[in-house]
Amino acid sequence: MIRIGISLMCLILLSCQQETKKLNVLFILADDLGAHDLSFAGSEFYESPNIDRLANQGVIFTNGYAAAQVCSPSRASILTGQTTVSHGVTDWIGAESGSAWGERVPYTKLLPPDYQHQLPASDITMPELFQMKGYKTFFAGKWHLGSQGSWPEDHGFDVNVGGWDYGNPKGGYFSPYDNPNLTDGSPGENLSMRLAEETAGFIRTNKGEPFFAMLSFYAVHGPIQTTREYWEKYRNKALEVGLDSSGFQMERRLPIRTVQDNAIYAGLIQHMDDAVGLVLDELESQGLLEHTVVIFTSDNGGVASGDAYSTTNSPLRGGKGYQWEGGIRVPYVIKVPGVAPAIVDYPVSGQDFYPTICALAGLEIPAQKSLDGVNLESALRNTGVKDRSLVWHYPHYGNQGGDPVSMLRKGRYKLIYYWEANTSELYDLEDDIGEQYDLAPDQPEMVNALEQELFEYLKGKQAKMPEPNPFYSAEALERRQTYVREKLLPSLEKNRLKILEDNFQPNEDWWGSTTKD
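2 is the number of the first residue of the sequence shown in our numbering; add one for each residue after it.
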């Protein structure tokens, strides 16, 4: 009887210790990864077994959104829990605005407004809050939220590996990296795997303490690069399936990719997936996988136009930089210990991570901290959700062909307001996920109601707006459109086929992935 009593007491004490032990957080953020760029999300060309494994263990939000169609604003929203109009970083940091834009780009009718060029120093970021609560905090990878003085270590991260001003991998995806916050590895070392190894090392070192780790890949941002091995794998796969007669079509301003057959991009995705697998395996080997909240998402849609013209987001329209779903829908997975895997259709956004993760970890958010996001615990646990509207404000021109717009999603409907023409488009996303049928002419009352809600929000936030471009020239616009149709589009089709040729070789050492013989 005494032995049974002692054993029971030990079990109770152990249970109490487990209940009070703080949850760890691993936040994995891809760069420019489209909503359908992973095999669990429907791609039949790209392969992502490790990310699929995570998705199958977590809650998948099929209506997961980035807070912006480009990187810096979206990343700022994740870290602050605010919309872009609240924190003021409305474009990628380094983008031109005002007259500097107008003089260089006389074929646009508007001048984009200025914006915050770094993460607000006065705000309490998510890692800062975890740091204040005794967590060890770690960052690896892409930052792009300000120059020195506004790097990860200035916003709540104890350790910063590779985060600095640049939003793309300046030295490429193989060492040397040309990164002041990342020492070079051995010849041929892959950047994604290196960042994963650094993250795994942090987990091993701090396995006995609660931690908040952010693995922020540079992948799959351009310039896209891979190894010869992965290129051959996906080239053969593309040829076996059979090539479409064309891979691009014209969108409103630029050509846009219509097929997933880019073998280089597919290899880049697999490098990232390999890296995710390494970190998940480390969590499991340390016995931490079932005591760690793991998030996987992207900062905006896949690059279908501009940059590397890497992928298609079909059946979604558009891609990175665009106002349509392809620009803002992203993979959105949250794995929580004790929460059953599920697929949830409730619309969610990047600003929701802050209140959700803090709630899951039991962290009280200071009263002075302003949040626009909502706690998704009820959606994760399927205990009911409250309807709410989602707002985006991007008063800029995307390098990929997007327009200065503000948007509002309410229920099944999405309103896009164009600042050039001061007109709206309205789409029913349940019946028309590809945004092909503009309902605005037929539903003026709904358009007026959604516009009023959108404008009131923007006015209340004192949102900055674009202004007329005094440098605009109709002749410059015609020259630009002629070049795009007659020069750029044919060159993209030619290059698409070139990288699938048997003798394709980008350079002597495949971007540094192999040493020279």
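Backbone N, C-alpha and C fix where the C-beta goes; we use that ideal spot for every residue, glycine too.
As the structure is a computational prediction, the values presented were derived from the model and not from experiment.
Using only CA atoms, which one of the options lies nearest to residue i?
{"i": "residue 86", "options": "243, 102, 302 and 69", "result": "69"}
{"i": "residue 414", "options": "60, 292, 435 and 203", "result": "435"}
{"i": "residue 385", "options": "402, 347, 416 and 396", "result": "347"}
{"i": "residue 270", "options": "27, 516, 44 and 513", "result": "44"}
{"i": "residue 511", "options": "99, 225, 140 and 277", "result": "225"}
{"i": "residue 368", "options": "198, 356 and 379", "result": "356"}
{"i": "residue 117", "options": "78, 209 and 433", "result": "78"}
{"i": "residue 217", "options": "240, 206, 193 and 207", "result": "193"}
{"i": "residue 237", "options": "113, 515, 500 and 513", "result": "500"}
{"i": "residue 449", "options": "425, 514, 466 and 431", "result": "425"}
{"i": "residue 74", "options": "446, 268, 96 and 36", "result": "96"}
{"i": "residue 294", "options": "281, 302, 286 and 300", "result": "281"}
{"i": "residue 37", "options": "387, 298 and 462", "result": "298"}
{"i": "residue 337", "options": "382, 315 and 502", "result": "382"}
{"i": "residue 24", "options": "274, 302, 135 and 113", "result": "135"}
Have a look at residue i and residue j and give me their C-alpha separation to the nearest angstrom.
{"i": "residue 505", "j": "residue 458", "result": "52 Å"}
{"i": "residue 8", "j": "residue 22", "result": "For residue 8, the predicted structure reports a pLDDT of 42, less than 50, and the residue's modelled location is therefore unreliable. The matter cannot be settled from this model."}
{"i": "residue 279", "j": "residue 191", "result": "13 Å"}
{"i": "residue 440", "j": "residue 196", "result": "46 Å"}
{"i": "residue 479", "j": "residue 259", "result": "25 Å"}
{"i": "residue 179", "j": "residue 411", "result": "44 Å"}
{"i": "residue 243", "j": "residue 92", "result": "39 Å"}
{"i": "residue 41", "j": "residue 488", "result": "36 Å"}
{"i": "residue 371", "j": "residue 380", "result": "22 Å"}
{"i": "residue 251", "j": "residue 482", "result": "11 Å"}
{"i": "residue 255", "j": "residue 213", "result": "40 Å"}
{"i": "residue 51", "j": "residue 158", "result": "26 Å"}
{"i": "residue 47", "j": "residue 276", "result": "15 Å"}
{"i": "residue 111", "j": "residue 312", "result": "29 Å"}
{"i": "residue 437", "j": "residue 400", "result": "22 Å"}
{"i": "residue 203", "j": "residue 359", "result": "21 Å"}
{"i": "residue 187", "j": "residue 253", "result": "45 Å"}
{"i": "residue 340", "j": "residue 59", "result": "8 Å"}
{"i": "residue 208", "j": "residue 361", "result": "19 Å"}
{"i": "residue 53", "j": "residue 265", "result": "20 Å"}
{"i": "residue 1", "j": "residue 101", "result": "Since the first residue of the chain shown is 2 and the last is 518, residue 1 is not available in this structure."}
{"i": "residue 149", "j": "residue 35", "result": "30 Å"}
Exposed or buried, which one is residue i when buried takes at least 16 other CB atoms within 10 Å?
{"i": "residue 404", "result": "buried"}
{"i": "residue 26", "result": "buried"}
{"i": "residue 509", "result": "exposed"}
{"i": "residue 416", "result": "buried"}
{"i": "residue 484", "result": "exposed"}
{"i": "residue 284", "result": "buried"}
{"i": "residue 245", "result": "exposed"}
{"i": "residue 261", "result": "buried"}
{"i": "residue 324", "result": "buried"}
{"i": "residue 514", "result": "buried"}
{"i": "residue 446", "result": "exposed"}
{"i": "residue 497", "result": "buried"}
{"i": "residue 467", "result": "buried"}
{"i": "residue 286", "result": "exposed"}
My guess is that residue i and residue j are in contact by the Cβ rule of under 8 Å, so how many angstroms apart are they, rounded?
{"i": "residue 398", "j": "residue 109", "result": "5 Å"}
{"i": "residue 33", "j": "residue 272", "result": "Not quite, the Cβ-Cβ distance comes to about 14 Å (not below 8 Å), so this is no contact."}
{"i": "residue 145", "j": "residue 76", "result": "7 Å"}
{"i": "residue 319", "j": "residue 307", "result": "So it is not a contact: roughly 11 Å between Cβ atoms."}
{"i": "residue 330", "j": "residue 65", "result": "7 Å"}
{"i": "residue 444", "j": "residue 427", "result": "6 Å"}
{"i": "residue 377", "j": "residue 131", "result": "So it is not a contact: roughly 18 Å between Cβ atoms."}
{"i": "residue 374", "j": "residue 352", "result": "4 Å"}
Is the region 221 to 239 touching the region 275 to 295, taking contact as three or more C-beta pairs under 8 Å?
Segments in contact, no.
Specify whether the region 162 to 169 and the region 178 to 188 touch according to this definition: at least 3 beta carbon pairs, one from each stretch, less than 8 Å apart.
Contact holds between the region 162 to 169 and the region 178 to 188, because three or more Cβ pairs, one in each stretch, are under 8 Å apart.
Check whether the region 120 to 138 touches the region 168 to 175, counting contact only when three or more Cβ pairs, one atom from each stretch, lie closer than 8 Å.
Because the criterion of three Cβ pairs below 8 Å is not met, the region 120 to 138 and the region 168 to 175 do not touch.
Kindly confirm or deny that the region 133 to 153 and the region 446 to 454 touch, where touching means at least three C-beta pairs closer than 8 Å.
Judged by Cβ distances under 8 Å, the region 133 to 153 makes no contact with the region 446 to 454, as fewer than three pairs qualify.
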